[in-house]
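Asker: Residue numbers (the working numbering), protein chains in the order written: chain A, 1 to 244; chain B, 1 to 242.
Pasting a structure below so you can have a look.
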């Protein structure tokens, strides 16, 4: 019950923050509309909606890192976390309390992305549900990275680090262009990181090819576990140091 | 009866000793002010007493429970109003109060009941539905103290509660703190000596991690032969004094 009260507070903080709809939904949707319009006027193979819409859904989820990181960093700088550290909340309540409200936001962001894509011409099919399911661990991955950043960095540091993350995730995820265009080394680096796997898994699921999505999903899940383990370690270290 | 019994409490960070063999007893219902220059060790002491930081050695019993052996029991008895306002900015005043009540184990109905009591007691009723970030500094401090009291703590730590407030807001907050005197044990840290003199039953002055002096404001002035508490404080915390 204590954890849920804390989670409910975090949900309210997030949905009432104007950054959330602006970056989580507005920015990716503008890009989706822009690129789709370009595609209609200058058709090419790089940006068919079936490829670009799932990439945009992943791109929108990358902002979850910003939301999670800023929320924790703000709670630290305002001493709100110190107030909570003195309360009977357990260490596990904090990570769960920050994570639980962010994941539904991620699902909502992804759903909005696909709904707009339908209006732009994406065929309506049941495989969108599979894509949404694949996007849940992707959302968890970015949430875990955000929790880690919020535990390690100050409020002023989280924003630039999130910006770097969003750009790296988009560039090395193959959002803007096929990774084959990057060449051998960069392509290898891209597939050593989880972002390209997140995009490929979502594209595979949307195409109804779950068999191709599953191996990519394992990469995402592996990195998610690592991100959360690192976040829990960093957060516990904060608690032990007595410095929120 | 003793609310807080501190015995040989010590905290070291590497080679630096932040709190050095602190021994102290604070009575139930007492308003105890802990003073000291920056780096004197008062914040580290408060953090140890709030179970935020484990001591290197020594212990403290808060109403009989040890901060080292049973921090969970200690945490249920205390609450803290940190130096910064420490409110949830996008939650309303009422939601902030309800949240803290629920974090301390109240069910939804009880939490709302207590929140209404606090809104009334702290003159926050008219702003109950407003987001906390829209409140003035003085109102945010009041909310912060109300959040610290909603769990009905037996011991409350007020860390520089009037820092940055104008004279009127500070005096308003003094009234709030005075109204609590005798009902719960209050540990107040402040840099404003007139605040300590106006509010505290006893004052402890820390210097270089040690408790340098302890007594009522009158006793501290008599001990140093100073005319004011400020002069007494300066004499007790002068460089080279140990």
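Glycine included, every Cβ here is placed at the ideal spot set by N, Cα and C.
Mind listing the chain B neighbours of residue 1 of chain A? Cutoff is C-beta to C-beta under 8 angstroms, in chain order.
Answerer: 102, 105 and 107
Asker: So the beta strand (DSSP E) residue 156 of chain B belongs to, where does it begin and stop?
Answerer: 155–159
Asker: Report buried or exposed for residue 207 of chain B, applying the criterion of at least 16 other Cβ atoms within 10 angstroms of its Cβ.
Answerer: buried
Asker: Restricting to Cα atoms, I'd like to know which of A:195, A:197, A:172 and A:157 is closest to residue 185 of chain A.
Answerer: A:172
Asker: What distance in whole Å lies between the Cβ atoms of residue 57 of chain A and residue 114 of chain A, which are believed to be in contact at a cut-off of 8 angstroms?
Answerer: By a beta-carbon distance limit of 8 angstroms, residue 114 of chain A contacts residue 57 of chain A. Their separation comes to about 7 angstroms.
Asker: Just tell me which of B:16, B:188 and B:222 has its CA closest to the CA of residue 56 of chain B.
Answerer: B:16
Asker: Counting pairs of Cβ atoms below 8 angstroms between the region 164–182 of chain B and the region 204–221 of chain B, do you hit three or more?
Answerer: no
Asker: State yes or no: is the beta carbon of residue 21 of chain A nearer than 9 angstroms to at least one beta carbon in chain B?
Answerer: no
Asker: Suppose only complete runs of 4+ residues qualify. What are the alpha helix (DSSP H) ranges in the region 115–194 of chain B, listed by chain order?
Answerer: 137–149 and 167–180
Asker: Listing by chain order, which chain B residues have their CB less than 8 angstroms from the CB of residue 88 of chain A?
Answerer: 72, 75, 76, 103, 104 and 105
Asker: Mind checking who residue 33 of chain B pairs with in its DSSP beta bridge?
Answerer: B:188 and B:203
Asker: Name the chain B residues whose beta carbon is nearer than 7 angstroms to that of residue 16 of chain A?
Answerer: 90
Asker: Where residue 209 of chain B and residue 14 of chain B are concerned, what is the direct C-alpha to C-alpha distance, given to the nearest angstrom?
Answerer: 14 angstroms
Asker: Check whether the region 70–77 of chain B and the region 135–145 of chain B are in contact - that is, three or more C-beta pairs closer than 8 angstroms.
Answerer: The region 70–77 of chain B is not in contact with the region 135–145 of chain B.
Asker: Using a Cβ-Cβ distance cut-off of 9 angstroms, determine whether residue 235 of chain A contacts chain B.
Answerer: Closer than 9 angstroms: no.
Asker: For the putative contact between residue 103 of chain B and residue 236 of chain A, defined by C-beta atoms under 8 angstroms, what is the C-beta separation to the nearest angstrom?
Answerer: The pair is not a contact, with the Cβ atoms about 19 angstroms apart (cut-off 8 angstroms).
Asker: Could one say the Cβ of residue 86 of chain B lies closer than 9 angstroms to chain D's Cβ atoms, at least one of them?
Answerer: In the structure shown, chain D does not exist; the protein chains are A and B.
Asker: Under 8 angstroms Cβ-Cβ, which residues of chain A neighbour residue 83 of chain B?
Answerer: For a Cβ distance threshold of 8 angstroms, residue set 79 of chain A lies close to residue 83 of chain B, ordered along the chain.
Asker: Interface residues of chain B around residue 147 of chain A at Cβ under 8 angstroms?
Answerer: Taking a Cβ-Cβ cut-off of 8 angstroms, residue 147 of chain A has no neighbours in chain B, whose nearest Cβ is about 18 angstroms from it.
Asker: Can you say whether residue 194 of chain A is buried or exposed, counting buried as having 16 or more other CB atoms within 10 angstroms of its CB?
Answerer: buried
Asker: Taking only beta-carbon positions, decide if residue 233 of chain B is within less than 9 angstroms of chain A.
Answerer: no
Asker: So with CB distances below 8 angstroms, who are the chain B contacts of residue 84 of chain A?
Answerer: 103
Asker: I'd like to confirm something about residue 14 of chain B: is its beta-carbon nearer than 8 angstroms to some heavy atom of the ligand SAM, or not?
Answerer: Because no ligand of any kind appears in the structure shown, any question about the ligand SAM cannot be addressed here.
Asker: Counting only beta-carbon atoms, is residue 80 of chain B nearer than 9 angstroms to chain A?
Answerer: yes
Asker: In terms of DSSP beta bridges, what is residue 2 of chain B paired with?
Answerer: B:27
Asker: Does DSSP put residue 8 of chain B in a helix, in a strand, or in coil?
Answerer: strand
Asker: Closest Cβ-Cβ distance between residue 50 of chain A and chain B: below 9 angstroms?
Answerer: no
Asker: Does residue 156 of chain A come within less than 9 angstroms of chain B when only Cβ atoms are used?
Answerer: no
Asker: Using the beta-carbon of each residue, which ones in chain A are nearer than 7 angstroms to residue 99 of chain B?
Answerer: 5 and 9
Asker: Would residue 69 of chain B count as contacting chain A if we go by Cβ distances under 9 angstroms?
Answerer: no
Asker: May I ask you to list the residues that DSSP assigns as paired with residue 215 of chain B?
Answerer: B:203
Asker: Within the continuous beta strand (DSSP E) that includes residue 58 of chain B, where are the two ends?
Answerer: 57–62
Asker: Comparing the C-beta of residue 70 of chain A with each C-beta of chain B, is any distance below 9 angstroms?
Answerer: no
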